[in-house]
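Visitor: Protein chains in written order, with this note's numbering: chain U, 176 to 410; chain P, 176 to 410.
Glycine is no exception: its CB is placed at the ideal position from the N, C-alpha and C atoms.
Treat the numbers as computed from the prediction; the structure is a model and nothing was measured.
There are 2 protein chains.
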Amino acid sequence: MITERVRTAHVLVVEDDWPIRHLLKVSLSAHDYEVSEAENCKEAISSLAKQVPDLLLLDLGLPDGSGIDLLRRLRQEHATPVIVLSVQGAERTKIEALDLGADDYLTKPFSVDELLARVRAALRRSKSLHAPTLLTCGDLELDLERRHVTLAGHEISLTPNEFSLLMAFMRNQDRVLTHRQLLKEVWGEGYVDDSHVLRVNVCNLRRKLNSPDGKRNYIKTEPGVGYRLCLPRPA
Amino acid sequence: MITERVRTAHVLVVEDDWPIRHLLKVSLSAHDYEVSEAENCKEAISSLAKQVPDLLLLDLGLPDGSGIDLLRRLRQEHATPVIVLSVQGAERTKIEALDLGADDYLTKPFSVDELLARVRAALRRSKSLHAPTLLTCGDLELDLERRHVTLAGHEISLTPNEFSLLMAFMRNQDRVLTHRQLLKEVWGEGYVDDSHVLRVNVCNLRRKLNSPDGKRNYIKTEPGVGYRLCLPRPA
DNA sequence: TTTTTGCATCAAGGATCCTTGAAGCGGGGT
DNA sequence: ACCCCGCTTCAAGGATCCTTGATGCAAAAA
Numbered sequence: 176m177i178t179e180r181v182r183t184a185h186v187l188v189v190e191d192d193w194p195i196r197h198l199l200k201v202s203l204s205a206h207d208y209e210v211s212e213a214e215n216c217k218e219a220i221s222s223l224a225k226q227v228p229d230l231l232l233l234d235l236g237l238p239d240g241s242g243i244d245l246l247r248r249l250r251q252e253h254a255t256p257v258i259v260l261s262v263q264g265a266e267r268t269k270i271e272a273l274d275l276g277a278d279d280y281l282t283k284p285f286s287v288d289e290l291l292a293r294v295r296a297a298l299r300r301s302k303s304l305h306a307p308t309l310l311t312c313g314d315l316e317l318d319l320e321r322r323h324v325t326l327a328g329h330e331i332s333l334t335p336n337e338f339s340l341l342m343a344f345m346r347n348q349d350r351v352l353t354h355r356q357l358l359k360e361v362w363g364e365g366y367v368d369d370s371h372v373l374r375v376n377v378c379n380l381r382r383k384l385n386s387p388d389g390k391r392n393y394i395k396t397e398p399g400v401g402y403r404l405c406l407p408r409p410a
Numbered sequence: 176m177i178t179e180r181v182r183t184a185h186v187l188v189v190e191d192d193w194p195i196r197h198l199l200k201v202s203l204s205a206h207d208y209e210v211s212e213a214e215n216c217k218e219a220i221s222s223l224a225k226q227v228p229d230l231l232l233l234d235l236g237l238p239d240g241s242g243i244d245l246l247r248r249l250r251q252e253h254a255t256p257v258i259v260l261s262v263q264g265a266e267r268t269k270i271e272a273l274d275l276g277a278d279d280y281l282t283k284p285f286s287v288d289e290l291l292a293r294v295r296a297a298l299r300r301s302k303s304l305h306a307p308t309l310l311t312c313g314d315l316e317l318d319l320e321r322r323h324v325t326l327a328g329h330e331i332s333l334t335p336n337e338f339s340l341l342m343a344f345m346r347n348q349d350r351v352l353t354h355r356q357l358l359k360e361v362w363g364e365g366y367v368d369d370s371h372v373l374r375v376n377v378c379n380l381r382r383k384l385n386s387p388d389g390k391r392n393y394i395k396t397e398p399g400v401g402y403r404l405c406l407p408r409p410a
């Protein structure tokens, strides 16, 4: 099941210099992109209000205001990829734009081939977004992306092994996990019989997860079998 | 946008002892589960051939063969959640079943409330599967799940910081990432000006990524700006 | 050419983490 | 009552990793 982009991509070119703007329009149109044009910030803003393009080519040296501000406004609402055009020497502005989330840059003069390659790369990337992976169990939250764990709101710091262990638990809430399963998952095939190292880590994990007053217990021991993560019951 | 299970869940009960099987059927039916029954391995296999249930309740002490073998056969094709029933003392078999991928277990005699809780938990879990997150760039592969990186097939070992750094790169292939962006992403807000630590890590990462003969280069330097990950060109 | 600037690389002190040993605790069985 | 077994907890040696300083290098600027 693949979702393919069928319609042609729409590119908005924001550039005050006519020869360059024309070059961009011709080059992009020749490769089946649909092109809109704006020659200053004002036109760009009204164009964006009408329709948000698939990609923005933005010159940073506009007559009626800084392209940086335009980029900042755009980024507050849209994740549209942006490729920045700049003249040599405007390093400061260029880097500021990239830090603001611009996707790429080209320094004038640039080759059309390079421009087209950058456009393709930016459009390709913008298609692949990833679902935010966040596991929860009670007031425990585990963020796979950032490798952060928060308990009742504030972050707690885990060692790499503790994090993997907790990840295995949270993917299998309320389920018994045998010693071998946990050892295999976190330490690998070679450790399936080393139950001591597992016990030490469960101990350390509990110390960090359970409330200071020891009134909650997320990890339940299944004697002779393994462990199980479940909602803590106020002992 | 939520996908909710509307139809009733289908449970297959595999149990030779009539009183227990009857108890299970009555209890589950009373809670709107659709129940099928099998009193030995043979019946279970033919039932599975007809229709794969949403959950399997499996007694391990069957007259015509080991429930373990049934479980092993099932696991070769389906990820159907399985809750195992066992008598006290059959620890060995029970743990074997769990290691094979059984989801939970109940030791006879068990309370019906506990059974129903375990059934709910197992069905809830089976609904949440996660997309395998695997990023690639040329013959570089990064597995978000297992935190493994392979280069042309064989694994290479990265330190935690190196892994985060490469992850940032692979999520933004062909895109320039400024020093500040990378430092913020990997080290956090407080490090955005410490470009030295970034350079050292990029250096170490390159040493591990590039082929021994130094003929490939994944990470391209953008002088004054930052770095960019792209397909290596045979220098 | 000389100087400067930014990047690459090496090395070491210090911090963190992992493994393993040893001791304490408690329930079940004899 | 005693012992045995599994689980918990503490502690330390050793391994790994991270940061920082020092040095080398190359390209651009003066």
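Going by the CB atoms, is the gap between U:V186 and U:D234 shorter than 8 angstroms?
Guide: As a first step, residue 234 of chain U must be located in the first sequence, where it is residue number 59. As a first step, residue 186 of chain U must be located in the first sequence, where it is residue number 11. Taking 8 angstroms as the Cβ cut-off, U:D234 and U:V186 do not qualify as a contacting pair.
Visitor: Taking all protein chains shown into account, decide if P:A410 is buried (16 or more other Cβ within 10 angstroms of its Cβ) or exposed.
Guide: Looking up residue 410 of chain P in the second sequence gives position 235. Unreliable placement is indicated for P:A410, whose pLDDT of 41 sits below 50; the coordinate value is still reported in the next sentence. Exposed, because fewer than 16 other Cβ atoms sit within 10 Å of the Cβ of P:A410.
Visitor: For the beta strand (DSSP E) containing U:L309, name the first residue and the last one.
Guide: Taking the first residue of the first sequence as 1, we reach residue 309 of chain U at position 134. Looking at the DSSP string, the run of the beta strand (DSSP E) that includes U:L309 is L309 to C312.
Visitor: Is it true that the stretch 244-260 of chain U meets the stretch 271-283 of chain U, where meeting means three or more beta-carbon pairs spaced less than 8 angstroms apart?
Guide: yes
Visitor: Kindly list the residues whose CB is nearer than 7 angstroms to the CB of P:L203, restricted to its own chain and excluding five residues on each side of it in sequence; keep chain order.
Guide: Counting from one through the second sequence, the residue named residue 203 of chain P turns up at place 28. The answer, listed in chain order, is V186 and V210.
Visitor: Quick one: is U:S332 buried, meaning 16 or more other Cβ sit within 10 Å of its Cβ, or exposed?
Guide: Reading the first sequence from its first residue, position 157 is the one you call residue 332 of chain U. Answer is exposed; the Cβ neighbour count stays below 16.
Visitor: Would you kindly report the start and end of the unbroken alpha helix (DSSP H) that includes P:T255?
Guide: Working through the second sequence from its first residue, we reach residue 255 of chain P at position 80. No alpha helix (DSSP H) holds P:T255; DSSP gives it neither H nor E.
Visitor: For U:Q356, does the count of other Cβ atoms within 10 angstroms reach 16, so buried, or fall short, so exposed?
Guide: For the purposes of this step, residue 356 of chain U is taken as residue 181 along the first sequence, with counting starting at 1. The residue is buried, with at least 16 neighbouring Cβ atoms inside 10 Å.
Visitor: Give me the Cα-Cα distance between P:V367 and P:L358, rounded to the nearest whole angstrom.
Guide: What you label residue 367 of chain P is simply residue 192 of the second sequence in a count that begins at 1. What you label residue 358 of chain P is simply residue 183 of the second sequence in a count that begins at 1. When rounded, the distance between both Cα atoms is 5 angstroms.
Visitor: Taking DSSP as the reference, what is the three-state secondary structure of U:V262?
Guide: Mapped onto the first sequence, residue 262 of chain U falls at position 87. Strand.
Visitor: Applying the criterion that 16 or more other CB atoms from any shown protein chain within 10 Å of the CB defines a buried residue, is U:H354 buried or exposed?
Guide: Against the first sequence, residue 354 of chain U aligns to sequence position 179. Label assigned to U:H354: buried.
Visitor: For U:D229, decide whether its Cβ has a neighbour in chain P, counting only Cβ atoms nearer than 8 angstroms.
Guide: Mapped onto the first sequence, residue 229 of chain U falls at position 54. No, U:D229 lies away from the interface with chain P (no Cβ there is under 8 angstroms from its Cβ).
Visitor: What does the alpha-carbon distance come out to for the pair P:N444 and P:A265?
Guide: There is no way to answer for residue 444 of chain P, as the model of chain P reaches only from 176 to 410.
Visitor: So which residues on chain P does U:T353 lean against when the C-beta distance must stay under 7 angstroms?
Guide: In the first sequence, residue 353 of chain U corresponds to position 178, counting from 1. For the C-beta of U:T353, the chain P residues within less than 7 angstroms are, from N- to C-terminus, I270, L273 and D274.
Visitor: Comparing alpha-carbon positions, which option in U:V188, U:E252, U:A272 and U:R391 lies nearest P:V162?
Guide: Because residue 162 of chain P is not part of the residues shown, which for chain P are 176 to 410, the question remains open.
Visitor: Is the shortest distance between the beta-carbon of P:N347 and the beta-carbons of chain U less than 8 angstroms?
Guide: As a first step, residue 347 of chain P must be located in the second sequence, where it is residue number 172. So, interface residue.
Visitor: Using the Cβ count rule (16 or more neighbours within 10 Å means buried), how would you classify P:D239?
Guide: As a working note, residue 239 of chain P is residue 64 in the second sequence. It counts as exposed.
Visitor: Entirely within the stretch 341-395 of chain U and at least 4 residues each: give me those alpha helix (DSSP H) ranges in chain order.
Guide: 354-361 and 370-384
Visitor: Given a threshold of 16 other Cβ atoms within 10 Å of its Cβ, counted over all protein chains shown, does U:D349 qualify as buried or as exposed?
Guide: Within the first sequence, the letter at position 174 stands for residue 349 of chain U. Here U:D349 is buried, its C-beta having at least 16 other C-beta atoms within 10 Å.
Visitor: Nearest by alpha-carbon distance to P:L232: which of P:L315, P:T183 and P:L298 is it?
Guide: Against the second sequence, residue 232 of chain P aligns to sequence position 57. The shortest Cα separation from P:L232 among P:L315, P:T183 and P:L298 belongs to P:L298.
Visitor: How far does the alpha helix (DSSP H) with P:R293 in it extend, from its first residue to its last?
Guide: What you label residue 293 of chain P is simply residue 118 of the second sequence in a count that begins at 1. Element bounds for P:R293: V287 to K302.
Visitor: Could you check which residue in U:R196, U:Y402, U:G363 and U:N376 has the C-alpha nearest to that of U:K283?
Guide: Here residue 283 of chain U refers to the residue found at position 108 when the first sequence is read from its first residue. Of the listed residues, the one whose Cα sits closest to U:K283 is U:R196.
Visitor: Any idea what DSSP makes of P:H197, helix, strand or coil?
Guide: The residue given as residue 197 of chain P occupies position 22 in the second sequence. Reduced to three states, the DSSP call for P:H197 is helix.
Visitor: Pull the bridge partners of P:H329 from the DSSP assignment, please.
Guide: Taking the second sequence and counting its residues from 1, one reaches residue 329 of chain P at position 154. Answer is P:L326.
Visitor: Cβ of U:E330 versus every heavy atom of the ligand GDP: is any distance shorter than 7 angstroms?
Guide: The ligand GDP is absent from the structure shown, which contains no ligands of any kind.
Visitor: Taking Cβ-Cβ distances shorter than 9 angstroms, what residues in chain P pair up with U:Y366?
Guide: For the purposes of this step, residue 366 of chain U is taken as the residue at position 191 of the first sequence. The contacting residues do not exist; U:Y366 stays about 14 angstroms from chain P at best.
Visitor: Starting from P:G401, follow the beta strand (DSSP E) in both directions and report where the run begins and ends.
Guide: For the purposes of this step, residue 401 of chain P is identified with residue 226 of the second sequence, where counting begins at 1. Taken as a continuous stretch (DSSP letters only), the beta strand (DSSP E) holding P:G401 covers G401 to L404.
Visitor: Residue range of the alpha helix (DSSP H) that U:D244 falls in?
Guide: Locating residue 244 of chain U in the first sequence gives position 69, counting from the first residue. Looking at the DSSP string, the run of the alpha helix (DSSP H) that includes U:D244 is G242 to R250.
Visitor: By the three-class DSSP mapping on this structure, what secondary structure does U:T282 have?
Guide: By 1-based counting over the first sequence, the position of residue 282 of chain U is 107. Here U:T282 sits in strand by DSSP.
Visitor: Rounded C-beta distance between U:L340 and U:N392? I'm assuming under 8 angstroms.
Guide: Here residue 340 of chain U refers to the residue found at position 165 of the first sequence. Here residue 392 of chain U refers to the residue found at position 217 of the first sequence. Not confirmed; about 16 angstroms, so no contact.
Visitor: Less than 8 angstroms between CB atoms is the rule here; does P:A184 satisfy it with respect to chain U?
Guide: Residue mapping note: residue 184 of chain P aligns to position 9 of the second sequence, counting from 1. It does not: the Cβ of P:A184 has no partner Cβ on chain U nearer than 8 angstroms.
Visitor: Got a sec, what are the start and stop residues for the alpha helix (DSSP H) P:L223 sits in?
Guide: On the second sequence, position 48 is the one that residue 223 of chain P refers to. Its alpha helix (DSSP H) spans residues C216 to K225.
Visitor: Of the residues that make up the stretch 283-301 of chain P, which ones have a beta carbon closer than 7 angstroms to any beta carbon in chain U?
Guide: A296 and R300
Visitor: What does P:D229 pair with, by DSSP beta-bridge criteria?
Guide: Taking the first residue of the second sequence as 1, we reach residue 229 of chain P at position 54. Looking at the DSSP assignment, P:D229 forms no beta bridge with any residue, so it has no partner.
Visitor: Does any C-beta atom of chain P lie closer than 8 angstroms to the C-beta of U:E179?
Guide: Your numbering for residue 179 of chain U matches position 4 in the first sequence. With a pLDDT of 46 at U:E179, under the threshold of 50, the predicted position of this residue should be treated as unreliable, and no value is reported.
Visitor: Buried or exposed, going by whether 16 or more other CB atoms sit within 10 Å of the CB of P:E337?
Guide: Residue numbering aside, residue 337 of chain P sits at position 162 when the second sequence is read from its first letter. Burial call: buried.
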